[in-house]
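Residue numbers (my numbering): 392 to 636. Notes for the one structure printed next.
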């Protein structure tokens, strides 16, 4: 009887551990997809750090200037339109990560070039995030003088149980892209996280910086890793030209 109870207890603990692993790795869609059973909470698990790293990488790879020079650092002002409900602590972590020039989208800076987080898909140790970037220097094919040209950048990351790392990306056509609703930080209330605190466990490194290595191979047939590394400015690299530990 004792042996049977021990076996049953071991089985139960194994099932619980497996379930906990599934929760911690994450299964998230934002915005919600009709009929899915995934979480739609942008404050869940590793979702906020993935968003932060995708925005940081996109703003560094495609800075808000008309003719960016590869390897150069820029501090031109720009705004970030985040999913609604992201906690204020995570918003602060985003600002810390993107560095000088970056700000949350507000009603008093909505004329700035803006990076929009349009889609977040988390599947365990992998994330796929659409960031719509401003394309400066091109006239919009529209009679609307306020129209701006944008481009969707799909960023592929690995991580989840460790810091997220960009593994690949895909560029969509440049043009008049349908933008997500503007979630002004001074209008849309941020959420206090479900544990009753507004302090994230994760602390984003200050820009410039790099995420630590993630897990698994990069998706095939898209950008290659040299293309991901080359656009960063030399301040991102160590004295020997290698990524810092």
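Even for Gly, the Cβ is constructed at its ideal location relative to N, Cα and C.
Nonlocal neighbours in the same chain, by C-beta distance under 6 Å from residue i, ignoring five residues either side
i	result
residue 602	Reliability of the predicted coordinates at residue 602 is poor, the pLDDT of 33 falling under 50, and the value obtained from them is presented with this limitation in mind. Around residue 602: 444, 554, 555 and 556.
residue 510	521
Simplified DSSP assignment, three categories, for residue i
i	result
residue 603	Only weak support exists for where residue 603 lies, its pLDDT of 29 falling under 50; the value from the coordinates is given anyway. Correct three-state label for residue 603: coil.
residue 538	coil
residue 449	helix
residue 525	strand
residue 569	coil
residue 488	helix
residue 498	coil
Contacting residues, own chain, Cβ-Cβ under 8 Å from residue i (five flanking each side not counted)
i	result
residue 577	497, 498 and 499
residue 610	At residue 610, the pLDDT of 36 sits below 50, so the modelled position is not reliable; the number obtained from the coordinates is stated separately. Around residue 610: 547, 558 and 559.
residue 567	531, 532, 533, 538, 540 and 541
Identified DSSP bridge partners for residue i
i	result
residue 520	511 and 546
residue 419	430 and 513
residue 561	545
Per-residue burial, residue i [other beta carbons within 10 Å of its own, 16 or more giving buried]
i	result
residue 521	buried
residue 530	exposed
residue 454	buried
residue 488	buried
residue 463	exposed
7 Å CB neighbourhood of residue i in its chain, flanking five on each side removed
i	result
residue 427	420
residue 449	506, 522, 524, 544 and 546
residue 503	468, 469 and 470
residue 562	542 and 544
Distance cut-off 7 Å: residue i Cβ against heavy atoms of the ligand COA
i	result
residue 564	Absence of the ligand COA is noted for the structure shown, with no ligands found whatsoever.
Tell me whether the region 461 to 476 and the region 491 to 506 touch, counting them as touching only if at least three CB pairs, one residue from each stretch, are closer than 8 Å.
yes
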